[in-house]
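**Q** I have a structure I would like to understand better, so I am pasting it below and will then ask my questions one at a time.
Protein chains in written order, with the numbering used here: chain U, 44 to 540; chain G, 44 to 540.
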């Protein structure tokens, strides 16, 4: 029937499971040991891998040794090393041993907890751990299972956005009296809001022309102005649209800006729009009492999400979503096919998380977040956030000391937005865009660090996002030295021309 | 600043990473060794876990030993053991050592390959491995990167469904001339199609009243009739609707039925509707030449998806989606925010998978599928499918030999649908529903096996889904003995009453 008999083909035999898994643990530990030796951004050319791998699958089994050799020779060179201490791009995805252990248990048990009965522990631990996380953030009890709300773990902010947008949409369509009103629904966010909300709104069928990008400026530090929102909403109402959804952000992707959620909450309430708070990046920081004020006003929102897989030492993927009225989520997303019917669900005494998310299937992500929190404890989690912020402050101070540079936006968390000041006439023409983009390219192509950029208020800024687990202050010092060295070389070339 | 200094707080230190990870490997190996000792379906009561765990997160770090003790004492009893050889419910989620190793590498590297530059290997390996998989299934080159199409790894069929529905929707709205036509779009599937397609259609804004559930019957083995689809489409066109999307299934969830895709493809083409093939469960089986005919006609479809995380020894989560015209997917889902702009993307010579899926962030799932395929080889993967089917045939034969039972639907893959024949007057009244549901309950509450049920054509059937990695023939024999024992006891009690 095949090349091996059932007796010799044992794909989950505990002995070989143990041996092979431990070999891979050693492989990964070696990778971490050596991670600083690799160029942070991969230097491969498009198409590099197809030249190195066969065009089709092998007929016979291959050894783990051969596979790991290929991982080492073919895959590692094509990685951009997110776990490198010299990774300062985008927002970090900071792994930890605890997060890894949680992923191992999740994958090892490999249960599919779509409803309570299919693995009660998967459902109940998730409900407990989202409450733990909510309490760490001092969310009002209206968002907790211990109160009148509840939470769920998704894979991404976009998934959370799709689900709350669908919940808000279906509530509105019910009130408006029919699906034909879908083209009247309008969604509001700032021009700094993560593009995932535009994508999510379009996904759930809101016409893209009904998505309002509220303009932000330097004057508010790129925070969304409640007055501008109000005026956009009023205009839309005059044109016959219905304000459905407003998204506020704590720590925007381009510059780490914070929208004033208390004031935005009042506007949203006045117009009966759903207020969602996207705290994907900076939510983690709000476990520290001195930073919690950024969430003031959260009680006025309908839902809030944040990503432990960014800054909370939780390996990919993990997004917490809390919602005040979970029944709005389940009204929109629930289904009850015969083949999933069971007594526990019938009693309505249990949570069936399939009705809180897009998919039926789901991984046991709660284990990971639970282990991350327990293995570190609030004390070390706060320490971790604070030391990243301290390093960012340190970098900011280094930038400020060098007159050729400027801090473009005030730093709030561990993201520093800076640039070389445009001085020469050629630079003033494009407000330093080319100069600074060349600087980023020079830094990244050195392989010694990886950074990314943004544009806010028309200004091109270099983003230094500190938060990789392995980053220590000497890495930040080395980064600054590298930035200065590359800037010097650019400016010299420039003045020679 | 915290309870520990940066020097002593090292959440990704290679030495403790190694030690703690190996302890968890041993824990999971022990779990597999002992898995048959646990009741397959958890016996806990709703709310069991909140009584055992603290209400809020700890302030100080806890030891791995304490955490693993709690996993053992509090979590394991609340698991329904999907990896048990006595798990015969739903469809299996069959884990393997190879799949686990792939998950470890994915989590260890923890790269976020949303676009090519953010980790070229993550993108390129994914493109290569979906082509490998497509070739194993003998998909036409119109679905492969090596041809004119392409593929992507999603987390679930529902995600794939949302994405292809959005692509089809946006193409249609463009042709129809505006978003207001969204309420005219109609979607077709059979009453056996997984509910996830109804959910996905509603998610993307198709009015639920425009979702047509085509009735199936015993006469076609619960396959969708092309004539019935045609007649539904024609009726809708008469009412001013636009046929958007038809979903055909290879191996339906209730009974494993197979829709006639070649004939359905002709209907879809005639009315310019998008044909999607959901081969979530049975797609894996089509790597065997003797089963490949179920995919005959696939060339007429626009997209096809299947889940290696069901029957292909690939740990959760992994869903392959192939599409003939990838530009329709990216037209609908792409975005180009300034903070992700880069030279590689600008040249359009690379794939940016963020534009092929819902979320921005994504895990490096390709490693897992790649290692599963290489570590087993096509030979053993076919052996694995065939031995599961052989065990299902064996179970089917056992059922046929016992005159009290009947096979309700012809078996096509490794799912056997059977029931106790209703004989007594009381049983005939509900066509044996109560009797058979009591039998399932008796089996499941014994803890010795876990099965689920479905209803097709009004008939309640017990589903015996064979495919857990650890299942061997003696487990199937024991299951049948258990079924007979519980049936005997039910029938005796019944006749006493």
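Where is the CB? At the ideal position from N, CA and C, for every residue including glycine. Predicted model, so just to flag it, every value in this text is computed and none were measured.
(1) Compute the beta-carbon to beta-carbon distance between residue 151 (chain U) and residue 347 (chain G), rounded to the nearest angstrom, for a pair I have assumed lies under 8 angstroms.
(2) If we ignore side chains and look at the alpha-carbon of each, how far apart do residue 5 (chain U) and residue 493 (chain G) end up?
(3) Return the residues of the stretch 211-240 of chain G that lie within a Cβ-Cβ distance of less than 7 angstroms from chain U, sorted by chain order.
(4) Can you have a look at residue 227 (chain G) and say buried or exposed, based on whether 16 or more other CB atoms are within 10 angstroms of its CB?
(5) With 16 as the cutoff for other CB atoms within 10 Å, does residue 73 (chain G) come out buried or exposed?
(6) Take residue 252 (chain U) as the anchor and find which of U:282, U:266, U:262, U:264 has the nearest alpha-carbon.
(7) Residue 95 (chain U) CB to nearest chain G CB: under 7 angstroms?
(8) If you draw a straight line from the alpha carbon of residue 91 (chain U) to that of residue 393 (chain G), how long is it in whole angstroms?
(9) So, residue 363 (chain G) versus residue 510 (chain G), is the Cβ gap smaller than 7 angstroms?
(10) Rounded to a whole number of angstroms, what is the C-alpha to C-alpha distance between residue 481 (chain G) and residue 382 (chain G)?
(11) Give me, in chain order, the residues of the same chain whose beta-carbon lies closer than 6 angstroms to that of residue 296 (chain U); leave out the 5 immediate sequence neighbours on both sides.
(12) For the alpha helix (DSSP H) that contains residue 313 (chain G), what are its first and last residues?
(13) Three or more C-beta pairs closer than 8 angstroms, one from the stretch 351-359 of chain G and one from the stretch 131-141 of chain G: is that the case here?
(14) Looking at the secondary structure, which residues open and close the alpha helix (DSSP H) in which residue 415 (chain U) lies?
(15) When burial is assigned at 16 or more other CB atoms within 10 Å of the CB, is residue 526 (chain G) buried or exposed?
(16) Is any non-hydrogen atom of the ligand FAD found closer than 6 angstroms to the C-beta of residue 178 (chain U), if you look at the structure I gave you?
(17) When the cut-off is 7 angstroms and only beta carbons count, does residue 248 (chain U) lie next to chain G?
(18) How many Å lie between residue 54 (chain G) and residue 171 (chain G) at the Cα?
(19) Flag this pair as yes or no: are the beta carbons of residue 121 (chain U) and residue 93 (chain U) separated by less than 7 angstroms?
(20) What do you reckon, are the CB atoms on residue 225 (chain G) and residue 248 (chain U) nearer than 7 angstroms?
(21) Do the stretch 397-416 of chain U and the stretch 261-270 of chain U make contact, defined as three or more Cβ pairs closer than 8 angstroms?
(22) Quick check on the burial criterion: 16 or more other C-beta atoms within 10 angstroms. Buried or exposed for residue 432 (chain G)?
(23) Grab the span of the beta strand (DSSP E) containing residue 288 (chain U) for me, first residue to last.
(24) List the endpoints of the continuous alpha helix (DSSP H) containing residue 143 (chain G).
(25) Does the stretch 458-478 of chain U touch the stretch 433-444 of chain U, meaning 3 or more C-beta pairs lie closer than 8 angstroms?
(26) Curious, which full-length alpha helix (DSSP H) runs of at least 4 residues does the stretch 94-142 of chain U contain?
(27) Just to check my reading of the structure: residue 291 (chain G) and residue 279 (chain G) have Cβ atoms closer than 8 angstroms, yes? What is that Cβ distance to the nearest angstrom?
(28) Would you mind working out which of G:178, G:62, G:107 sits nearest residue 420 (chain U), comparing C-alpha positions?
(29) Between which two residues does the alpha helix (DSSP H) harbouring residue 375 (chain G) extend?
(30) Verify the CB distance criterion: does residue 431 (chain G) have a CB-CB separation below 7 angstroms to chain U?
(31) Flag this pair as yes or no: are the beta carbons of residue 331 (chain G) and residue 425 (chain G) separated by less than 7 angstroms?
(32) Does the separation of the CB atoms of residue 405 (chain G) and residue 156 (chain G) fall below 7 angstroms?
(33) Please classify residue 177 (chain G): is it buried, with 16 or more other beta-carbons within 10 angstroms of its beta-carbon, or exposed?
(34) Does the Cβ-Cβ distance between residue 175 (chain U) and residue 99 (chain G) come in under 7 angstroms?
(35) What whole-angstrom Cβ distance do residue 97 (chain U) and residue 342 (chain U) have, given they're in contact under 8 angstroms?
(36) What does residue 416 (chain G) reach in chain U if we use C-beta pairs closer than 7 angstroms?
**A** Working from what's here:
(1) Taking the first residue of the first chain as 1, we reach residue 151 (chain U) at position 108. Taking the first residue of the second chain as 1, we reach residue 347 (chain G) at position 304. At roughly 30 angstroms, the Cβ-Cβ gap does not stay under 8 angstroms, so residue 151 (chain U) and residue 347 (chain G) are not in contact.
(2) Because chain U in this structure spans residues 44 to 540, residue 5 (chain U) falls outside the shown range and cannot be described.
(3) 222, 223, 225, 226, 238, 239
(4) As a working note, residue 227 (chain G) is residue 184 in the second chain. Per the 10 Å Cβ criterion, buried.
(5) In the second chain, residue 73 (chain G) corresponds to position 30, counting from 1. That one is exposed.
(6) As a first step, residue 252 (chain U) is located in the first chain; it is residue number 209 there, counting from the start. For residue 252 (chain U), the nearest C-alpha among the options comes from U:282.
(7) Here residue 95 (chain U) is taken as the residue at index 52 of the first chain, counted from 1. No, residue 95 (chain U) lies away from the interface with chain G (no Cβ there is under 7 angstroms from its Cβ).
(8) Within the first chain, the letter at position 48 stands for residue 91 (chain U). Within the second chain, the letter at position 350 stands for residue 393 (chain G). Using only the alpha carbons, I get a separation of about 11 angstroms.
(9) The residue given as residue 363 (chain G) occupies position 320 in the second chain. The residue given as residue 510 (chain G) occupies position 467 in the second chain. Contact flag unset, no.
(10) Numbered from 1 along the second chain, position 438 holds the residue referred to as residue 481 (chain G). Numbered from 1 along the second chain, position 339 holds the residue referred to as residue 382 (chain G). If you take the alpha carbons of residue 481 (chain G) and residue 382 (chain G), they lie about 58 angstroms apart.
(11) Along the first chain, read from residue 1 onward, the residue named residue 296 (chain U) stands at position 253. Same-chain partners within the cutoff: 237.
(12) Here the question's residue 313 (chain G) lines up with position 270 in the second chain. Residues 304-313.
(13) yes
(14) Here residue 415 (chain U) is taken as the residue at index 372 of the first chain, counted from 1. Residue 415 (chain U) -> alpha helix (DSSP H) spans 409-444.
(15) The residue you call residue 526 (chain G) lines up with position 483 of the second chain. Looking at its Cβ environment, which holds 16 or more other Cβ atoms inside 10 Å, residue 526 (chain G) is buried.
(16) As far as ligands go, the structure on display features none, and thus does not contain the ligand FAD.
(17) As a working mapping, residue 248 (chain U) is identified with position 205 in the first chain. Chain G, which has a Cβ nearer than 7 angstroms to the Cβ of residue 248 (chain U), makes this yes.
(18) The residue you call residue 54 (chain G) lines up with position 11 of the second chain. The residue you call residue 171 (chain G) lines up with position 128 of the second chain. Using only the alpha carbons, I get a separation of about 34 angstroms.
(19) For this step, residue 121 (chain U) is matched to residue 78 along the first chain. For this step, residue 93 (chain U) is matched to residue 50 along the first chain. No; because the gap between Cβ atoms is not below 7 angstroms, this pair is not in contact.
(20) For the purposes of this step, residue 225 (chain G) is identified with residue 182 of the second chain, where counting begins at 1. For the purposes of this step, residue 248 (chain U) is identified with residue 205 of the first chain, where counting begins at 1. Cβ distance < 7 angstroms, so residue 225 (chain G) and residue 248 (chain U) count as in contact.
(21) no
(22) Position 389 of the second chain, counting from 1, holds the residue named residue 432 (chain G). Residue 432 (chain G) comes out buried.
(23) Taking the first residue of the first chain as position 1, residue 288 (chain U) is located at position 245. Start and end: 285-292.
(24) To locate residue 143 (chain G), count along the second chain from 1; it is residue 100. That run of the alpha helix (DSSP H) goes 140-152.
(25) yes
(26) 107-113
(27) By one-based count along the second chain, residue 291 (chain G) stands at place 248. By one-based count along the second chain, residue 279 (chain G) stands at place 236. 18 angstroms between Cβ atoms; not a contact.
(28) The count along the first chain starts at 1 and reaches residue 420 (chain U) at position 377. That would be G:107, whose Cα lies nearest to the Cα of residue 420 (chain U).
(29) One-based indexing of the second chain puts residue 375 (chain G) at position 332. Taken as a continuous stretch (DSSP letters only), the alpha helix (DSSP H) holding residue 375 (chain G) covers 369-376.
(30) Start at 1 with the first residue of the second chain, and residue 431 (chain G) comes out as number 388. Residue 431 (chain G) does not count as touching chain U.
(31) Working through the second chain from its first residue, we reach residue 331 (chain G) at position 288. Working through the second chain from its first residue, we reach residue 425 (chain G) at position 382. Yes, they are a contact pair.
(32) Within the second chain, the letter at position 362 stands for residue 405 (chain G). Within the second chain, the letter at position 113 stands for residue 156 (chain G). For residue 405 (chain G) and residue 156 (chain G), yes; Cβs fall inside 7 angstroms.
(33) In the second chain, counting from the first residue as 1, residue 177 (chain G) sits at position 134. Residue 177 (chain G) is buried by the Cβ-count criterion.
(34) The count along the first chain starts at 1 and reaches residue 175 (chain U) at position 132. The count along the second chain starts at 1 and reaches residue 99 (chain G) at position 56. Yes, the Cβ-Cβ distance between residue 175 (chain U) and residue 99 (chain G) is below 7 angstroms.
(35) As a first step, residue 97 (chain U) must be located in the first chain, where it is residue number 54. As a first step, residue 342 (chain U) must be located in the first chain, where it is residue number 299. Not a contact, Cβ separation roughly 58 angstroms.
(36) Taking the first residue of the second chain as 1, we reach residue 416 (chain G) at position 373. Residues of chain U passing the Cβ test: 100.
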